[in-house]
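Number of protein chains: 2
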Amino acid sequence: MRMTKVIGNLEDMQHDKEKVEWIELDWEELNKRILRKTTTTGREVAIVLDEQGLRYGDVLFHNDTSTIAIRTKLEPAYVIKPATLTEMGKVAFELGNRHTPCIIEDDEIIVRYDQTLEVIFRETGVAYVEAEKRFNEPFKYKGHHH
Amino acid sequence: MRMTKVIGNLEDMQHDKEKVEWIELDWEELNKRILRKTTTTGREVAIVLDEQGLRYGDVLFHNDTSTIAIRTKLEPAYVIKPATLTEMGKVAFELGNRHTPCIIEDDEIIVRYDQTLEVIFRETGVAYVEAEKRFNEPFKYKGHHH
Ligand SMILES: [Zn+2]
Ligand SMILES: [Zn+2]
Chain V
1 MRMTKVIGNL EDMQHDKEKV EWIELDWEEL NKRILRKTTT TGREVAIVLD
51 EQGLRYGDVL FHNDTSTIAI RTKLEPAYVI KPATLTEMGK VAFELGNRHT
101 PCIIEDDEII VRYDQTLEVI FRETGVAYVE AEKRFNEPFK YKGHHH
Chain C
1 MRMTKVIGNL EDMQHDKEKV EWIELDWEEL NKRILRKTTT TGREVAIVLD
51 EQGLRYGDVL FHNDTSTIAI RTKLEPAYVI KPATLTEMGK VAFELGNRHT
101 PCIIEDDEII VRYDQTLEVI FRETGVAYVE AEKRFNEPFK YKGHHH
């Protein structure tokens, strides 16, 4: 089955949640335009979109008997908790320098688990915890990107 | 004249400041190993070092009659003054993502003047001022670098 368009989002649609057939993606995949996946009921699907930027709940197919939608997995992550402006600046700079997708909000940085990042945490002395997170929005790449 | 070694630094040496012949570098050049320059007295010099990392005051030649040393120029710069941890994180991430050399200390970020950076300042809403700065230490590139 081939799907080329986001029809809507579950948030805005009348739907019976039990009928939803899910395509499970990880965070990075929300930015992909072309994906080949198996749904939670075992159906093989090919996603071919014109634009990137899938979100949690995006519906790719819908009729009377079935609804196929996107959901993201719970993923291991770090929640970084800088104590000072300087500490925040140093950690964020290094993450940017490595082009590491991250969410910066509420005085914290959330990144996906990646042991090689722990060097940065050690060098800057920043506090962090490991946690499970669901990333529902794609990371918006800005500026220099390759 | 060809110079291949840092002999010492003016800070640590007995010297008559009036006799110093300067090689004027900009910030980025402190990281270069190979440079061709004209000193303040008009002498042409070739610098060929084994390692990078020149600092303000580094002496490359010294005898009874002359001392040739490095100094950095005053350069136009921005001093960025984030109001919150989140603001600091967002600005620093974008600067890192662009591999922009910067000094992060005392709750501020200092970067060389570059109008294209003002997009970042506007998007994040961060406060900044323009200033003249002398960068005396090379920027230490870490992690991903190309
Ligand atoms: Zn419906
Ligand atoms: Zn890069």
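One line per chain: the protein sequences are V and C, in this order.
Residue 1 is where the first sequence starts when you use this note's numbering, and the numbers rise one by one after that.
Residue 1 is where the second sequence starts when you use this note's numbering, and the numbers rise one by one after that.
Heads up, the beta-carbon is just placed ideally off N, CA and C, and yes, glycines get one too.
- When the five nearest sequence neighbours on each side are left out, the beta carbons in the same chain lying within less than 7 Å of the beta carbon of glutamate 11 of chain C are those of Gly57, in order along the chain.
- Not a single CB atom of chain V sits nearer than 8 Å to the CB of proline 138 of chain C.
- Selection V/Lys81, V/Ile7, V/Val129, V/Pro138 evaluated against asparagine 63 of chain V yields V/Ile7 as nearest (Cα-Cα).
- Judged by DSSP secondary structure, lysine 140 of chain C falls outside any alpha helix (DSSP H); it is assigned neither H nor E.
- For histidine 62 of chain C, the pairing in a beta bridge is given by DSSP as C/Thr67.
- Membership of threonine 38 of chain V in any alpha helix (DSSP H) is not indicated; the residue belongs instead to the beta strand (DSSP E) covering 34–38.
- The beta-bridge partner set that DSSP reports for valine 20 of chain V consists of V/Thr67.
- For leucine 74 of chain C, the uninterrupted beta strand (DSSP E) run begins and ends at 74–81, by DSSP.
- Phenylalanine 135 of chain C and threonine 72 of chain C do touch by the CB rule: their CB atoms are close to 6 Å apart, below 8 Å.
- Beta bridge pairing from DSSP links leucine 25 of chain V with V/Thr72.
- Collapsing the DSSP output to three states places isoleucine 120 of chain C in a helix.
- Taking a Cβ-Cβ threshold of 7 Å, the residues of chain V close to lysine 90 of chain C are Ile104, in chain order.
- DSSP places methionine 3 of chain V within a strand segment (E or B) once states are collapsed to three.
- Contact between the stretch 88–98 of chain V and the stretch 85–93 of chain C is present, with at least three C-beta pairs closer than 8 Å.
- At least 8 Å separates the CB of asparagine 31 of chain V from every CB of chain C.
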